[in-house]
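Following: one structure in structure tokens, then a few remarks.
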Amino acid sequence: MSCKKTYITTPIYYVNDVAHIGHAYTTIIADAVSRYSKLLGYDTFLLTGTDEHGQKIEQSAKSRGKSPQEYADEISKTFRDLWDDFGIEYDHFIRTTDDYHKDGVQKAFQKMFDKGDIYKDTYSGNYCVSCESFFTDTQLIDGSGCPDCGKETSVIEEESYFFRLSKYQDWLLEHYRDNPDFILPSAKRNEVISFVEGGLKDLSITRTSFDWGVHLPESMNEPKHVMYVWLDALLNYVTALGYGNGEEKMDYWPAKVHIVGKDILRFHAIYWPAFLMSLELPLPDHIGAHGWWTRDGQKMSKSIGNVVKPREVVDAYGIDTFRYFLLREVPFGQDGDFSEKALINRINGDLGNSLGNLLNRVIGMSGKYFDSKFESDSDLFTNDMNRVHEIIAGLESHIFKMQIHRYLEDIWEILAIGNRAIQSSEPWVKIKTAPEDVQALLVFVSNLLTKVAILISPIMPKSGEEMAKSLGIEINEDTYKEFITDQALLNSFVIEKVSALFPKVDKPLMAQPEVEEKQGEADTEPELELPEDGLITIDKFFETTIKIGEVVEVEEIKKSKKLYKLRVDLGEARPRQIIAGIREFYSKEELQNSLVCVVANLKPAKLMGNLSEGMLLAAKDENGLSLIRPEHKRKIGTKIS
Ligand SMILES: [Zn+2]
């Protein structure tokens with residue numbers, strides 16, 4: 030057994046918000062990779078936690094009448110509870126307010142300072158409180174808007190310590206060049222390289238404008254300065270292993286992979302490696318940056334009220350299907366869309382029809398024909414099994430390159446081989462003529478499912494276990510070695526009946542999001558509400574003929590305060606007579622020789638004894654009536670469409 034150390038991390042989540050689908054996605058990827066690594070027999074350590082310092086936390090706590098620590102305790106717990114309920118097998122949950130972390134951060138600061146990588150100066154810049162970031166003038170939107178969140182930035186000048194990031198520019202570029210897989214996926218790598226090639230400025234790493242953070246080492250005698258949240262936060266990856274504080278787990282360093290969202294890639298792929306170089310620590314193998322999620326094609330936002338709450342999805346559909354959906358639906362690095370429809374399609378299709386059904390067929394046939402026990406040493410399916418082993422051989426590299434969707438695609442190819450074998454062997458016919466062939470088929474498919482049960486267990490732990498139970502095997506690093514690495518096959522099986530793994534979902538199970546429409550705050554346009562049964566086709570509309578006409582004569586109708594008798598020229602043999610109730614709103618002079626829009630195919634009618642041969646278009650609200658007229662002069666008789 031290999032005892033290779035494998036260290037995998039999620040970002041530490043900022044406690045200004047409760048967990049959404051993005052947090053769950055990152056954590057589930059990390060958990061899947063970690064579980065896979067454990068199956069391979071590697072000594073694996075999975076770290077997650079919460080990031081709890083900074084001005085934003087100080088302000089959020091204050092607005093709720095809490096101390097920053099109380100507030101951080103509360104939100105941090107919601108993350109921890111969620112991961113516990115989701116069965117995330119993390120090995121440590123770090124909080125940046127933990128004392129050992131603060132100690133480690135101060136030691137790191139001291140080391141960088143002693144080395145000459147940190148110096149004191151004055152910082153002036155456009156600062157976004159919300160993002161806790163400074164931006165250059167060219168990055169701002171319309172002169173003052175934050176490029177990340179759009180809020181107003183303000184110019185802040187303060188005394189600050191700086192990290193000599195510029196010193197590491199060439200080393201970083203060299204590292205990206207020599208380690209093409211350092212940043213995954215490669216499209217993201219190119220973005221980082223061009224950013225660094227654009228020139229790195231030294232990084233302001235302390236603040237005096239707020240207090241909720243890690244203070245500088247006491248020996249520096251700078252009580253007003255607290256550390257920039259990103260310096261504090263990034264160092265969690267080593268303080269969790271005991272950096273500067275006993276070092277007892279530092280043999281897990283360097284990390285195999287830091288899994289992050291694309292929005293924080295810059296911090297992980299540029300600042301963090303530079304800090305590590307300064308601390309003379311080796312760099313992680315990979316930084317994997319994933320994309321963002323939308324819901325039903327719309328950006329998720331609290332103001333719209335369409336944020337996907339991971340707990341609601343899992344309560345409705347179960348953790349395994351949610352894990353499968355997230356990891357299968359989107360290639361790593363690309364943005365993805367969550368919709369219940371897509372989730373249900375995955376459950377009924379991939380999971381129910383391919384995976385669940387194949388196990389069900391084995392359970393059903395073996396029960397019906399062989400009392401759930403069968404054996405065979407036939408080589409009838411050797412070619413098929415060779416193909417299965419070929420596919421399996423390519424799987425491991427997918428996982429550590431964050432190509433989990435490809436890992437799953439390949440496993441589903443294996444399932445397809447099994448389903449096809451049953452289809453083409455026609456066991457329901459053969460059972461009468463060659464029952465030994467049916468046993469051979471069942472042994473083949475059961476061996477195939479044994480391998481699949483082990484391989485899907487990092488992705489869907491409960492389903493993998495359930496399959497293994499049915500097939501009479503266990504899932505652990507020994508069976509991984511036996512059935513996956515060493516390609517062992519069994520000659521006999523005793524199948525245990527288990528209930529259907531992925532029952533068909535007929536209708537959406539989640540409560541629909543209560544989408545609140547707040548004017549001016551929504552990130553996208555609200556949907557139009559069309560009258561459901563009052564819709565007409567375009568043909569129907571064109572049954573109405575509307576033409577441009579010119580008013581050539583205006584006459585008052587005696588006995589009526591409202592009506593005018595108009596003569597309107599539509600370019601016909603003679604002007605039409607139209608009775609219109611617009612006298613309260615228009616003078617004769619305003620109407621004379623003006624253009625109007627006339628419904629020209631209206632059945633003539635009598636109004637106060639006068640024949641009306643058309644109708645003028647107008648709109649009326651509380652401010653009065655306005656005729657609808659062409660904006661620019663158009664020829665008399667022109668049809669409106
Ligand atoms: Zn901002």
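Sequential numbering from 30 applies to the sequence shown in our numbering. Glycine residues also receive a C-beta, built at the ideal position from the N, C-alpha and C atoms.
Distance from the CA atom of Cys160 to the CA atom of Gly290, rounded to whole angstroms, is 15 Å.
Taking a 10 Å sphere around the C-beta of Trp259, we find 16 or more other C-beta atoms and assign the residue as buried. Note on Met637: under 16 other CB atoms within 10 angstroms of its CB, so exposed under the neighbour-count rule. Segment contact: the region 563-575 against the region 609-620, fewer than three CB-CB distances shorter than 8 Å; contact not assigned. Beyond the five residues adjoining it in sequence on each side, Leu478 comes within less than 8 Å, by CB distance, of Leu387, Leu388, Val391, Gly447, Met496, Leu500 in the same chain, given in chain order. Listed as beta-bridge partners of Ile607 by DSSP are Leu595. Proximity of the beta carbon of Lys180 to ligand 1 is indicated: a heavy atom of the ligand is located closer than 8 Å.
Between Leu194 and Lys230, the C-beta gap is smaller than 9 Å, which places the two residues in contact. Taking 4 residues as the minimum length, the alpha helix (DSSP H) runs contained wholly in the region 44-74 are 50-68, in order along the chain. Residues of the same chain with a CB within less than 6 Å of the CB of Ser173, apart from the 5 flanking positions on each side, are Glu181, Thr182 in chain order. Taking the C-beta atoms as reference points, Ile586 is found no nearer than 9 Å to Ser641. According to DSSP, Leu564 shares a beta bridge with no other residue. Comparing alpha carbon positions, the residue from Glu455, Ser405, Ile669, Tyr36 closest to Leu645 is Ile669.
Ser173 has its Cβ no nearer than 8 Å to any heavy atom of ligand 1. In summary, Val581 is exposed, with fewer than 16 beta-carbon neighbours lying within 10 Å of its beta-carbon over all protein chains present.
Restricting attention to alpha helix (DSSP H) runs no shorter than 4 residues, the region 285-352 encloses them at 301-307, 339-346, ordered along the chain.
The region 84-98 makes contact with the region 237-244: 3 or more CB pairs, one atom from each, lie closer than 8 Å.
Excluding the 5 residues flanking it on each side, Ile420 has same chain C-beta neighbours closer than 7 Å at Asp439, Glu442, Ile443, in chain order. Counting only the Cα atoms, Arg612 lies some 10 Å from Leu654. The region 282-302 makes contact with the region 313-332: 3 or more CB pairs, one atom from each, lie closer than 8 Å. With a cutoff of 9 Å on beta-carbon distance, His130 and Leu264 are scored as near each other. Measuring C-alpha to C-alpha distances from Glu358 to each of Asn274, Gln135, Leu372 identifies Leu372 as the nearest. By the neighbour-count definition (other C-beta atoms within 10 Å, threshold 16), Cys157 is a buried residue.
Looking from the CA of Ala517, the closest CA among Thr411, Glu584, Gly610, Leu538 belongs to Thr411.
Its Cα nearest to that of Ile376, the residue Thr350 stands out among Thr350, Ser401, Gln363. The beta carbons of Gly83 and Arg124 sit no closer together than 9 Å.
When DSSP states are grouped into helix, strand and coil, Lys576 belongs to the strand group.
Taking the Cβ of Asp166 as the reference point, every heavy atom of ligand 1 lies at 8 Å or farther away. Here the alpha carbon of Ser475 sits roughly 44 Å from the alpha carbon of Lys328. Listed in chain order, the non-local C-beta contacts of Lys149 below 8 Å within the same chain comprise Glu188, Ser189, Tyr190, Phe191, local neighbours out to five positions each way being set aside.
Phe142: member of the alpha helix (DSSP H) spanning 128-143, first to last residue.
Rounded to whole angstroms, the separation of the alpha carbons of Asp146 and Ser486 is 46 Å.
Here Gly493 carries a helix assignment [DSSP, helix/strand/coil]. C-alpha of Glu226 to C-alpha of Ser426: approximately 30 Å in a straight line. Not a single heavy atom of ligand 1 lies less than 8 Å from the C-beta of Asp292. Around the Cβ of Cys175, a 10 Å sphere holds 16 or more other Cβ atoms; the residue is buried.
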